[in-house]
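All letters in the sequence shown, in the order written, are residues 0 to 214 by numbering that gives the first Met the number 0.
Notes follow once the structure below has been shown.
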Amino acid sequence: MSCVFSRGGSSLSVKSNVKATSGELFILGSASGVPTKNRFCTSIGVQVGGELYLFDCGAPCSTLLYRMGYNPLDLKALFLSHFHADHIADLPLLIQTLQLKRRREYLEVIGPRGVERKILKILEFCYLIPEELPFEIRVREVDGSQVYDSGNLKVLFFETSHLKHYQQYLEKYPDISVNAIGFIIQVKTHRILYTGDTARSWLRHTYSRVRPPFT
Ligand SMILES: [Zn+2]
Numbered sequence: 000m001s002c003v004f005s006r007g008g009s010s011l012s013v014k015s016n017v018k019a020t021s022g023e024l025f026i027l028g029s030a031s032g033v034p035t036k037n038r039f040c041t042s043i044g045v046q047v048g049g050e051l052y053l054f055d056c057g058a059p060c061s062t063l064l065y066r067m068g069y070n071p072l073d074l075k076a077l078f079l080s081h082f083h084a085d086h087i088a089d090l091p092l093l094i095q096t097l098q099l100k101r102r103r104e105y106l107e108v109i110g111p112r113g114v115e116r117k118i119l120k121i122l123e124f125c126y127l128i129p130e131e132l133p134f135e136i137r138v139r140e141v142d143g144s145q146v147y148d149s150g151n152l153k154v155l156f157f158e159t160s161h162l163k164h165y166q167q168y169l170e171k172y173p174d175i176s177v178n179a180i181g182f183i184i185q186v187k188t189h190r191i192l193y194t195g196d197t198a199r200s201w202l203r204h205t206y207s208r209v210r211p212p213f214t
């Protein structure tokens, strides 16, 4: 996992537990495949304009949100780079938390092609039956050609080759997905590159120099 910051004119703070007014990026977890004594699995938050966004939800991001003073009910959208456990293991607990807190507003979950099928399987496996949730989950599958724009936050997507290794198993396991994406996140004049995992280290350097097609 890597994050690259592209600096602009105003302030986008990067802090562990202090909220900023102009926009804030915070790291919940940054470990690789194995959590360590001091680092949790991957999850990155952005709070701007009273809205909360999460990029991946490695465990225990739900707990960490509370510990760092954020309210999961403020979550507007969850972006998933891919489905390795260190990037999505807290997903069912996050959804269950929103269920028990009686969230009403819909939640957007955005990920690579195949994400809708995987989300439904995870929810079903954990008894998070869509009909019993007090809120709607709107899943959006993206590739490298789309842009997310909420007004406060814009995201450009790009595909990575991280999961290509699994193509050899597609015939036997047709439901696995070999799609993975990274994100160029823009808040005000700041751009942030979050690759998720990628098999090629040059990718982050390439995309950190690319100006997203939005202003
Ligand atoms: Zn991975």
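Where a beta carbon is used, it is the ideal one built from N, C-alpha and C, also for glycine.
In this text, all values refer to a predicted model and were calculated from it rather than measured experimentally.
Where residue 196 falls: helix, strand or coil (DSSP): Here the question's residue 196 lines up with position 197 in the sequence shown. Note: residue 196 maps to coil in three-state DSSP.
Any non-hydrogen atom of ligand 1 within 7 Å of residue 55 CB: Within the sequence shown, residue 55 is the residue found at index 56, counting from 1. Result no, Cβ not under 7 Å from ligand 1.
Figure out for me which residue from 30, 154, 98, 175 has the closest Cα to the Cα of residue 144. Taking the sequence shown and counting its residues from 1, the one referred to as residue 144 is at position 145. When each option's Cα is compared against that of residue 144, the closest is 154.
What three-state label does DSSP hand residue 115 in the structure shown? In the sequence shown, the residue the question calls residue 115 occupies position 116. Correct three-state label for residue 115: helix.
Mark residue 40 as exposed unless 16 or more other C-beta atoms lie within 10 angstroms of its C-beta, in which case mark it buried. Numbered from its first residue, the sequence shown carries residue 40 at position 41. Its Cβ being crowded by 16 or more others within 10 Å, residue 40 is buried.
Between the C-alpha atoms of residue 196 and residue 179, what's the straight-line distance to the nearest angstrom? Taking the first residue of the sequence shown as 1, we reach residue 196 at position 197. Taking the first residue of the sequence shown as 1, we reach residue 179 at position 180. Each residue's Cα considered, the two are about 8 Å apart.
Should residue 35 go down as buried or exposed, given a rule of 16 or more other Cβ atoms within 10 Å for buried? If you number the sequence shown from 1, residue 35 lands on position 36. Residue 35 comes out exposed.
Please list the terminal residues of the continuous alpha helix (DSSP H) segment that includes residue 61. For the purposes of this step, residue 61 is taken as residue 62 along the sequence shown, with counting starting at 1. Counting along the chain, the alpha helix (DSSP H) containing residue 61 begins and ends at 60-66.
Which of the three DSSP states, helix, strand or coil, is assigned to residue 124? Start at 1 with the first residue of the sequence shown, and residue 124 comes out as number 125. Helix at residue 124.
Backbone CA spacing between residue 165 and residue 157 [nearest angstrom]: Here the question's residue 165 lines up with position 166 in the sequence shown. Here the question's residue 157 lines up with position 158 in the sequence shown. Approximately 19 Å between the Cα atoms of the pair.
Rounded C-alpha distance that separates residue 108 from residue 146: Numbered from its first residue, the sequence shown carries residue 108 at position 109. Numbered from its first residue, the sequence shown carries residue 146 at position 147. Their Cα atoms are separated by approximately 14 Å.
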